[in-house]
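Enquirer: Following this message is one structure expressed as structure tokens.
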Amino acid sequence: MTEQTAPKSPVTTEQFIEEIKEQLKYNQGVTVEQATDADVYVASSLAVRRHLMDSWATTQKDTVEGNTKAVGYLSAEFLMGKQLRNALLNLGMLSEFDDAVKALGHDPQLVVDAEYEPGLGNGGLGRLAACFIDSLASLGVPAFGYGIQYKYGIFKQEFDAEGKQVERPDYWLANEEPWGHIDYNRSQKVSFGGEVVEEDGKKVWKPAWSVRAVPVDYMVPGYASGRVNTLRLWSAKSYDEFDLLTFNKSEYLDAVKPQVEAENISKILYPEDSTPQGKRLRLEQQYFFVAASLHDAIRVFYPGQDKPDLTTFPNKITFQLNDTHPVIGIPELMRILIDEYGYDWNTAWDITTKTFNYTCHTLLPEALEVWPVDLINELLPRHMQIINEINDHFLEELKGLTRDKERINRMRIVTEGDYPQVRMAYLATAGGSHVNGVAALHSQLLKDVTLRDFSDLFPTKFTNVTNGVTPRRFIRLANPRLSALITEGLGTDKWLSDLELLQGLVPLADDDEFVKKFAEVKHANKVAFANFAKDRYGFDANPDTMFNTMVKRLHEYKRQSLKILALIARYAAIKNGTINVDDVLPRTVFFGAKAAPGYYMAKLTIQLINNVARVVNNDPDVKGKLAVHFPANYNVRLAQHLIPATELDEQISQAGKEASGTGNMKFALNGALTVGTLDGANVEIRERVGAENFFLFGMTVDEVDALYEEGYNPAKYYEADPRLKMAIDMISNGTFSNGDRNTYAPLVADWLTKDYFMTLADFTSYADIQYQIEDLYRNPMEWNRKAILNVANTGFFSSDRSIEDYLERIWHTGPLA
Ligand code: GL7
Numbered sequence: 001m002t003e004q005t006a007p008k009s010p011v012t013t014e015q016f017i018e019e020i021k022e023q024l025k026y027n028q029g030v031t032v033e034q035a036t037d038a039d040v041y042v043a044s045s046l047a048v049r050r051h052l053m054d055s056w057a058t059t060q061k062d063t064v065e066g067n068t069k070a071v072g073y074l075s076a077e078f079l080m081g082k083q084l085r086n087a088l089l090n091l092g093m094l095s096e097f098d099d100a101v102k103a104l105g106h107d108p109q110l111v112v113d114a115e116y117e118p119g120l121g122n123g124g125l126g127r128l129a130a131c132f133i134d135s136l137a138s139l140g141v142p143a144f145g146y147g148i149q150y151k152y153g154i155f156k157q158e159f160d161a162e163g164k165q166v167e168r169p170d171y172w173l174a175n176e177e178p179w180g181h182i183d184y185n186r187s188q189k190v191s192f193g194g195e196v197v198e199e200d201g202k203k204v205w206k207p208a209w210s211v212r213a214v215p216v217d218y219m220v221p222g223y224a225s226g227r228v229n230t231l232r233l234w235s236a237k238s239y240d241e242f243d244l245l246t247f248n249k250s251e252y253l254d255a256v257k258p259q260v261e262a263e264n265i266s267k268i269l270y271p272e273d274s275t276p277q278g279k280r281l282r283l284e285q286q287y288f289f290v291a292a293s294l295h296d297a298i299r300v301f302y303p304g305q306d307k308p309d310l311t312t313f314p315n316k317i318t319f320q321l322n323d324t325h326p327v328i329g330i331p332e333l334m335r336i337l338i339d340e341y342g343y344d345w346n347t348a349w350d351i352t353t354k355t356f357n358y359t360c361h362t363l364l365p366e367a368l369e370v371w372p373v374d375l376i377n378e379l380l381p382r383h384m385q386i387i388n389e390i391n392d393h394f395l396e397e398l399k400g401l402t403r404d405k406e407r408i409n410r411m412r413i414v415t416e417g418d419y420p421q422v423r424m425a426y427l428a429t430a431g432g433s434h435v436n437g438v439a440a441l442h443s444q445l446l447k448d449v450t451l452r453d454f455s456d457l458f459p460t461k462f463t464n465v466t467n468g469v470t471p472r473r474f475i476r477l478a479n480p481r482l483s484a485l486i487t488e489g490l491g492t493d494k495w496l497s498d499l500e501l502l503q504g505l506v507p508l509a510d511d512d513e514f515v516k517k518f519a520e521v522k523h524a525n526k527v528a529f530a531n532f533a534k535d536r537y538g539f540d541a542n543p544d545t546m547f548n549t550m551v552k553r554l555h556e557y558k559r560q561s562l563k564i565l566a567l568i569a570r571y572a573a574i575k576n577g578t579i580n581v582d583d584v585l586p587r588t589v590f591f592g593a594k595a596a597p598g599y600y601m602a603k604l605t606i607q608l609i610n611n612v613a614r615v616v617n618n619d620p621d622v623k624g625k626l627a628v629h630f631p632a633n634y635n636v637r638l639a640q641h642l643i644p645a646t647e648l649d650e651q652i653s654q655a656g657k658e659a660s661g662t663g664n665m666k667f668a669l670n671g672a673l674t675v676g677t678l679d680g681a682n683v684e685i686r687e688r689v690g691a692e693n694f695f696l697f698g699m700t701v702d703e704v705d706a707l708y709e710e711g712y713n714p715a716k717y718y719e720a721d722p723r724l725k726m727a728i729d730m731i732s733n734g735t736f737s738n739g740d741r742n743t744y745a746p747l748v749a750d751w752l753t754k755d756y757f758m759t760l761a762d763f764t765s766y767a768d769i770q771y772q773i774e775d776l777y778r779n780p781m782e783w784n785r786k787a788i789l790n791v792a793n794t795g796f797f798s799s800d801r802s803i804e805d806y807l808e809r810i811w812h813t814g815p816l817a
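Each residue of the sequence shown is one higher than the one before, counting from 1 in full-length UniProt numbering.
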């Protein structure tokens, strides 16, 4: 990326005040005196939006008229976070906004806080999509994000009196939402069900019902690029006229039923993360947004043409399939080309395979989607025919490549047997040009294990693109103090568009003055977070203790249980005097995690963490030495507050299970040290920051495999390490359940008899490395030197670099001229 200095504001503060006033008057219909923070938020957002309009229009025009191939990022999730400050940053208007809002008598922070965070994603996969569209716009690459405007985003998490997770609906659209523009004039029809008949020797799909897909457009402003791309999220509306006949019979509820059902399609985000959700409605959602998006792209790139030459389609736009969720797009494009535009099979297949690429985001085989043939037949009968035909052609092709019948059979896209299924990852691999994993280790395991047969026969299809995160949101906006120090240290702010410039900080790790400043920044961030936490959650966090954080979805493979067991062991050791209280390094541990509502073990772990926090925080014996906090409803906003304040980050998944992780990158870039396993992108982070600046523990992928092979017996580890035994016994004997011995029995039974993710086997090395961590922390200069080296050496993990890799290895396109 060409380095950019910060953009210059298009307005003065005085002008911006007038613009906000105008919006208050003509849009909200309130006077300056009447305006609440929420009014000022809406008015300033609308004013900011106007400043993006011209660039948005020219970007769209250039995208269609230029000869640079565009990128279509198809994703069921975009976890955007709040929009206002991001738009202000990219326009260079941050200080004008602050000053204008103050002049109008409001606190800028409260105005920004009035924005309701759109939670249209579960975790890393959805947030990655948001970082990627930010980088595409910042690099000036013409791109569309395509997804769903769910009416309800990821649930709001609360904890009840027993510390259990309670899910509340996230009705974010019940608030005024100034960013999305609903464009009723560009809607698309999406059909379902019915049957396929033969007419004049041709297959004709006669669907049973249709919904109207209405686009809601969000501007995606680039940082200092002058480009504004589009995120187009589809909302489902009914076509059915209100049924007057039924209504007149006073059966009002029946009269509106079809409308309600149609609009249900975009009603709710499925709250599963790294686990499959095989539900009819979910397949409807997938087809809904993908079909609308493909037709939309044809409309955009062949304006006004009835019979466009779609052999040029792959030169106009390349579609990235974000995981298997949009893979139904492959048979849909085939259907469009063959049934709607009359192309023959081979031409259609050639266009389709050139158009799509697939990113796999998981290593858990059970998380790869498979759809029952019966269900696809019922919802999309024509697509099932096409998928069967793709399968037949593919098996033929394989026969030309290998004589190994078993291998061919293993590679079937449609399985055989009484309950045949469609393997979406296989369909994606066969029907696209490239397949990529999301970190070096993950891509390797994808080739060696998950998609081994495919990579053996089609080796050139496979590549890696290591994930990244946007430095604009996760450094500049989240951590203004560190940003200022980096700019001071480097003598330029160009690092925001060329993150490898952070390398220039390496020598400053040896400059005591700079190290002290860095320590002051971290401390100020801790104080700020403590204030925020007090205000928002009501707990006291002591900024003079080590801030140690584990935030991510609650999943067994991520091993929050390892952290909580080690924490209990530490608590027990202080209480029973195994460690001298005076030798204990004071630590505050923060957890943030949502569990899928149907994931029992994950929810029980949440309950355990909350109750450990209750017991530890109320125990005078450990006061000032150990505290545990679990703020509810971890989201992008909380991430932006907590990450800059963290000193020690936990990335402790079982080796070989976390595809990449992106939190790990955000923490390192904000100057936290990582304690982690050799998993996902941890491997690359450690390579870059240096082994001496990373706390590595635990088994490797090979060791894990060997232990499975040999027969894993978790009880052995329980017996072998008294710290572990003590921790598990305390859970069993009711220490964290008011004496009740049954509350956590399912967790304990699982640990002692199954422990699939080998938490117990890694316990000892995890507990032991804590001594190293604490020794280093006792030497603040050394700790902070290492933290600076983490910042300096992780510029690689910018999503700008990820996008550049996609451009070069997969998309073969670039910025608009
Ligand atoms: C995930 C991976 O679990 C995570 O490791 C990765 O960083 C992320 C983005 O590539 O994708 N895969 C997945 O299904 N979810 C993820 O967050 C939900």
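The beta-carbon is built from N, C-alpha and C at its ideal position, and this holds for glycine as well.
If we require 4 or more residues per run, which alpha helix (DSSP H) segments fall completely within the stretch 651–687?
Expert: 663–669
Enquirer: Starting from Lys-534, follow its DSSP beta bridges and name the residues at the other end.
Expert: Here residue 534 corresponds to residue number 534 of the sequence shown, with the count starting at 1. Answer by DSSP bridge pairing: none, since Lys-534 is not bridged.
Enquirer: If you run the structure through DSSP and keep just helix, strand and coil, what is Asn-742?
Expert: Taking the sequence shown and counting its residues from 1, one reaches residue 742 at position 742. Coil at Asn-742, not helix or strand.
Enquirer: Between which residues of its own chain and Ala-70 is the CB-CB distance below 7 Å, once the five residues before and five after are set aside?
Expert: Along the sequence shown, one-based indexing puts residue 70 at 70. Closer than 7 Å at Cβ, skipping near neighbours: Thr-63, Pro-142, Ala-143, Phe-144, Lys-316 and Ile-317.
Enquirer: Identify, in the order they occur along the chain, each residue of the same chain with its Cβ nearer than 6 Å to the Cβ of residue 823, setting aside the five sequence neighbours on each side.
Expert: The chain is shown only over 1 to 817; residue 823 falls outside these bounds and no answer can be derived.
Enquirer: Take Ser-483 and list the residues in its own chain whose beta-carbon comes closer than 7 Å to its own, dropping the five residues that flank it on each side.
Expert: If you number the sequence shown from 1, residue 483 lands on position 483. Answer for Ser-483: Ile-475 and Arg-476, listed in chain order.
Enquirer: When you compare each of Met-730, Asp-160 and Ala-792 to Asp-498 by their alpha carbons, which one comes out closest?
Expert: Taking the sequence shown and counting its residues from 1, one reaches residue 498 at position 498. Checked all of Met-730, Asp-160 and Ala-792; the closest Cα to Asp-498 is Ala-792.
Enquirer: According to DSSP, is Phe-144 part of a helix, a strand, or is it coil?
Expert: Stepping through the sequence shown from its first residue, residue 144 is reached at position 144. Strand, per DSSP.
Enquirer: Counting only runs of 4+ residues fully inside the stretch 464–518, write out the alpha helix (DSSP H) ranges in chain order.
Expert: 480–490, all fully within the stretch 464–518.
Enquirer: Return the bridge partner residues of Gln-188 from the DSSP annotation.
Expert: For this step, residue 188 is matched to residue 188 along the sequence shown. Answer is Ala-213, bridged to Gln-188.
Enquirer: I'd like to confirm something about Glu-658: is its beta-carbon nearer than 7 Å to some heavy atom of the ligand GL7, or not?
Expert: Here residue 658 refers to the residue found at position 658 when the sequence shown is read from its first residue. Yes - the ligand GL7 has a heavy atom lying nearer than 7 Å to the Cβ of Glu-658.
Enquirer: From the DSSP output, in three-state form, read off Met-699 for me.
Expert: Taking the sequence shown and counting its residues from 1, one reaches residue 699 at position 699. It is coil, neither helix nor strand.
Enquirer: Any Cβ of chain B within less than 8 Å of the Cβ of Asn-86?
Expert: The structure shown contains no chain B; it holds only a single protein chain.
Enquirer: Ends of the beta strand (DSSP E) at Ile-317?
Expert: Counted from its first residue, the sequence shown places residue 317 at position 317. 317–322 is the extent of the beta strand (DSSP E) around Ile-317.
Enquirer: Give a single yes or no on whether Ala-297 has its beta carbon closer than 7 Å to a heavy atom of the ligand GL7.
Expert: Along the sequence shown, read from residue 1 onward, the residue named residue 297 stands at position 297. Every heavy atom of the ligand GL7 is 7 Å or more from the Cβ of Ala-297, so no.
Enquirer: Smallest Cα separation from Arg-423: which of Asp-323, Val-469, Ile-643 and Trp-345?
Expert: Here residue 423 corresponds to residue number 423 of the sequence shown, with the count starting at 1. Minimum Cα distance to Arg-423 is reached at Asp-323.
Enquirer: Expressed to the nearest angstrom, what Euclidean distance is found between the alpha-carbon atoms of Pro-331 and Ile-390?
Expert: Walking along the sequence shown from the start, residue 331 turns up at place 331. Walking along the sequence shown from the start, residue 390 turns up at place 390. Distance between the alpha carbons of Pro-331 and Ile-390 is about 8 Å.
Enquirer: I want to check one thing, is the minimum distance from the CB of Val-438 to the heavy atoms of the ligand GL7 below 7 Å?
Expert: Along the sequence shown, one-based indexing puts residue 438 at 438. The answer is yes for Val-438.
Enquirer: Identify which residue in Leu-269, Asn-67, Arg-335 and Gly-163 has its Cα closest to the Cα of Lys-151.
Expert: Looking up residue 151 in the sequence shown gives position 151. Of the listed residues, the one whose Cα sits closest to Lys-151 is Leu-269.
Enquirer: Report all residues from its chain with a CB closer than 7 Å to the CB of Phe-532; omit the five preceding and five following residues, and keep chain order.
Expert: Taking the first residue of the sequence shown as 1, we reach residue 532 at position 532. Sequence-distant Cβ neighbours of Phe-532 in its own chain, meaning closer than 7 Å and more than five residues away, are His-641.
Enquirer: Assign Arg-227 to buried or exposed, taking buried as 16 or more other Cβ atoms, counted over all protein chains shown, within 10 Å of its Cβ.
Expert: The count along the sequence shown starts at 1 and reaches residue 227 at position 227. So Arg-227 ends up on the buried side.
Enquirer: Indicate the three-state DSSP secondary structure (helix, strand or coil) for Asp-544 in the structure shown.
Expert: Here residue 544 refers to the residue found at position 544 of the sequence shown. In the structure shown, Asp-544 sits in coil (DSSP, three-state: anything other than H, G, I, E or B).
Enquirer: Note down, in chain order, each residue of its chain lying with its Cβ closer than 7 Å to the Cβ of residue 896, except the 5 sequence neighbours on either side.
Expert: Lying outside 1 to 817, the shown extent of the chain, residue 896 is not represented and no answer is given.
Enquirer: Using beta-carbon positions only, say whether residue 864 and Gly-180 come within less than 8 Å of one another.
Expert: There is no way to answer for residue 864, as the model of the chain reaches only from 1 to 817.
Enquirer: Sort Asp-453, Ile-731 and Ala-655 by Cα distance to Leu-707 and report the nearest one.
Expert: By 1-based counting over the sequence shown, the position of residue 707 is 707. For Leu-707, the nearest C-alpha among the options comes from Ala-655.
Enquirer: Considering only residues of the same chain and omitting the five flanking positions on each side of Trp-751, which have a CB-CB separation below 7 Å?
Expert: Looking up residue 751 in the sequence shown gives position 751. Same-chain partners within the cutoff: Pro-714, Ile-728, Thr-759 and Leu-760.
Enquirer: Alpha carbon to alpha carbon, how far is Met-334 from Arg-85?
Expert: Walking along the sequence shown from the start, residue 334 turns up at place 334. Walking along the sequence shown from the start, residue 85 turns up at place 85. Taking the straight line joining both Cα atoms gives about 42 Å.
Enquirer: Counting only the same chain and skipping the five closest in sequence on each side, list residues whose C-beta sits under 8 Å from that of His-523.
Expert: Within the sequence shown, the letter at position 523 stands for residue 523. The answer, listed in chain order, is Pro-543.
Enquirer: Determine the direct distance from the alpha carbon of Thr-58 to that of Ser-225, and round the result to whole angstroms.
Expert: Position 225 of the sequence shown holds residue 225. Position 58 of the sequence shown holds residue 58. Each residue's Cα considered, the two are about 13 Å apart.
Enquirer: Three Cβ pairs or more, each shorter than 8 Å: is that satisfied between the stretch 729–748 and the stretch 660–670?
Expert: The stretch 729–748 vs the stretch 660–670: no contact.
Enquirer: From which residue to which residue does the alpha helix (DSSP H) around His-629 run?
Expert: As a working note, residue 629 is residue 629 in the sequence shown. Unbroken run through His-629 is the beta strand (DSSP E), 626–629; no alpha helix (DSSP H).
Enquirer: With a threshold of 8 Å on Cβ separation, who are the neighbours of Asn-27 within its own chain once the five nearest residues in sequence on each side are excluded?
Expert: Position 27 of the sequence shown, counted from the start, is the residue given in the question as residue 27. Once the five neighbours on either side are set aside, the close Cβ partners of Asn-27 are Val-42, Ala-43 and Leu-46.
Enquirer: Going by C-alpha to C-alpha distance, which of Asn-682, Ala-262, Lys-307 and Ala-749 sits closest to Phe-694?
Expert: Counting from 1 along the sequence shown, the entry for residue 694 is found at position 694. Per the Cα distances, Asn-682.
Enquirer: Looking at the unbroken beta strand (DSSP E) that takes in Arg-423, where does it start and where does it end?
Expert: Within the sequence shown, the letter at position 423 stands for residue 423. Looking at the DSSP string, the run of the beta strand (DSSP E) that includes Arg-423 is 421–423.
Enquirer: Quick one: using the 10 Å Cβ neighbour count with 16 as the cut-off for buried, is Asn-790 buried or exposed?
Expert: Counted from its first residue, the sequence shown places residue 790 at position 790. The residue in question, Asn-790, is buried, as its Cβ has 16 or more Cβ neighbours within 10 Å.
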